[in-house]
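First up is the structure itself, then whatever we jot down about it.
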Amino acid sequence: MGNAYAENAPFMKRQTELVSRLNQKYLQGGLSEGRKLEFDKLNEPIIWVRDGKDLITLIKMLQHDDACMLDYLSSLTAYDNKDKVDGLKRFVVVYNLFSTTKHVRLRIKLAVDLEESAPTLTTIWPAANWLEREVWDMFGIKFDGHPNLRRIMMDERFTGHPLRKEYPIKQREPFADNIPFHLGPNPLPKSEKL
Amino acid sequence: MSKDGSAFAYPMVLAEAAKWARKNSLWPMPFGTSCCGIEMMAVLGSHYDLSRFGAEVVRFSPRQADLLLVAGTITTKMAPVLRTIYDQMLEPKWVIAMGACSSSGGIFDTYSVLQGIDEIMPVDVYVPGCPPIPEGVIHAVIHLQNIIDGNIDRVPAEKPTHEDAMNAMLYRKPMTKDIASSWRVTQQGIVPGTRKE
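Protein chains in written order, with the working numbering: chain A, 81 to 274; chain B, 2 to 198.
Right, here's the structure in full:
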């Protein structure tokens, strides 16, 4: 591990600078109330945001901050928090951000309950479109303002969300035919949507 | 055929010739969806060289192929596509299920994976392995040639029933009356029967 850290010394230095910047600007004061900073086992910073509105504000600020410039969405995923390890809410949506100029990484987590929905990031990054559709498909988390929120991996006639903990893992739904391939914002009739 | 239309060869000889031609020019339609597909490329490549058995002319059009070589995991969403390709192939046609995934679903006993392609189409030869070694695929092709030749009966592939599967897992002879009285196969598994000694 020592060698790995030595090789990554410049990166670790950048990450430390990022964390101090976050501490100064984004984790203190009235606006940032409810945000929480924590570190994983590899000492990577994670910010827990208060709610969906706070997420959008924070991301827009981080995007244009001179020291961070977090302008790239590496990945967007979620996990089921049924055992209540990370708070009381049912799901956690995870946003991995990267800066193409400063080369730093930051993870942002948003807790979402069963009946709640997360805000869409398609207005900021169009690439979030398919990733949010995948999260909807697998976990059933709704994204407010998403232009085309329908299943992306499973068949559109599939019922249930397979990565939820309560889903029986061997429950299959084979269909004898494929739905016709179609692209576009909303090709399905309104009655079949969601 | 001679010029006036009369046959100079007996039909029997023609049938043998057709068999010989078919078994030595199996044109495979590759359906590689995962790591088995890589191994299949190795089989077709110059090192293992499937062309020694006349099956190197890979056709990516089902209309021109005789042999459907399914190599890889087939998801439930892919299943109708695969079935369409099978239906598009012209008779006579044969199917090889290469690897654990296409034979039985393999390790992917999950919500999205078809548990063996024999749920949707008849299979002639199954190749075990994850992925199978190239020699295994070559063996399957030679076995298929024997089937085409008529040395081995072409057995319609049927999904084993629950009882068959339980018998296979018992590592002993198929259930005779004697064994059946000592063990009972139910939906819950194998339970001790009521044999009176």
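We treat Cβ as the ideally placed atom computed from N, Cα and C, and that holds for glycine.
Residues of its chain near residue i, where Cβ-Cβ distance is below 7 Å and the 5 sequence neighbours each way are ignored
i                 : result
TRP205 of chain A : LEU153
ASN147 of chain B : ILE153
VAL99 of chain A  : PRO125
VAL59 of chain B  : PRO29, PRO31 and LEU45
ASP150 of chain B : LYS20 and LYS24
PHE219 of chain A : ALA158, ASP160, PHE171, HIS241, LEU243 and ARG244
Spatially closest choice to residue i from the options, by CA coordinates
i                 : options                                   : result
CYS36 of chain B  : B:GLY107, B:VAL82, B:MET122 and B:ASP150  : B:GLY107
GLN104 of chain A : A:LEU142, A:ARG130 and A:LYS133           : A:LEU142
PRO242 of chain A : A:VAL215, A:HIS144 and A:VAL99            : A:VAL215
LEU138 of chain A : A:TRP210, A:THR181, A:LEU190 and A:ARG170 : A:LEU190
PRO132 of chain B : B:TRP28, B:ALA101, B:ASP110 and B:SER26   : B:ALA101
PRO254 of chain A : B:ILE139, B:ARG84, B:GLU40 and B:GLY38    : B:ARG84
ALA158 of chain A : A:ARG230, A:TYR247 and A:ILE221           : A:ILE221
TYR49 of chain B  : B:GLU136, B:SER26 and B:ALA80             : B:GLU136
TRP95 of chain B  : B:THR77, B:THR74 and B:PRO123             : B:PRO123
ILE76 of chain B  : B:PRO93, B:VAL58 and B:SER103             : Strictly speaking, residue 76 of chain B in this sequence is Thr, with Ile absent from that position. Out of B:PRO93, B:VAL58 and B:SER103, B:SER103 has the C-alpha closest to the C-alpha of THR76 of chain B.
GLU236 of chain A : A:PHE219, A:ARG244 and A:ILE259           : A:ILE259
VAL138 of chain B : B:GLU57, B:ARG155, B:ILE121 and B:PRO81   : B:GLU57
ILE121 of chain B : B:THR34, B:PHE61, B:LYS78 and B:GLY38     : B:LYS78
HIS140 of chain B : B:SER47, B:THR34, B:ALA98 and B:PHE109    : B:ALA98
GLY132 of chain A : A:VAL173, A:TYR247 and A:TRP210           : A:VAL173
THR74 of chain B  : B:TYR87, B:LEU145, B:PRO81 and B:SER105   : B:SER105
Cβ neighbour criterion (16 or more within 10 Å) applied to residue i
i                 : result
ALA208 of chain A : buried
GLU212 of chain A : buried
GLU40 of chain B  : buried
ASP119 of chain B : buried
GLN33 of chain A  : The structure shown does not extend to residue 33 of chain A, since chain A is modelled only from 81 to 274, so the question has no answer here.
PHE119 of chain A : exposed
LYS164 of chain A : exposed
THR203 of chain A : exposed
ASP257 of chain A : exposed
THR200 of chain A : buried
For residue j and residue i, believed in contact at Cβ under 8 Å, the rounded distance
i                 : j                 : result
VAL114 of chain B : PHE54 of chain B  : Incorrect: roughly 31 Å between the Cβ atoms, too far for contact.
LEU117 of chain A : LEU102 of chain A : 7 Å
ILE249 of chain A : ILE188 of chain A : Contact doesn't hold; Cβ gap of about 29 Å is too wide.
Same chain, Cβ closer than 6 Å to residue i, five either side skipped, listed in chain order
i                 : result
PRO129 of chain B : none
PHE178 of chain A : TYR152, SER154 and ARG185
MET234 of chain A : ASP217
Cut-off 8 Å between Cβ atoms - residues of its own chain near residue i, not counting five sequence neighbours on either side
i                 : result
MET90 of chain B  : MET30, PRO63, ARG64, ALA66, ASP67 and LEU69
THR181 of chain A : MET149 and ASP151
ARG231 of chain A : ARG213, TRP216, ASP217 and PHE238
Which runs of the beta strand (DSSP E) fall wholly inside the stretch 113 to 144 of chain A and span at least 3 residues, in chain order?
116 to 119 and 125 to 128
Chain-ordered residues of the stretch 105 to 121 of chain B with a beta carbon less than 9 Å from chain D
Given the protein chain composition of this structure (A and B), no chain D is represented.
Go through the stretch 134 to 203 of chain A residue by residue and report every complete run of the beta strand (DSSP E) that reaches 3 residues or more, in order.
152 to 160, 171 to 178, 185 to 192 and 197 to 199
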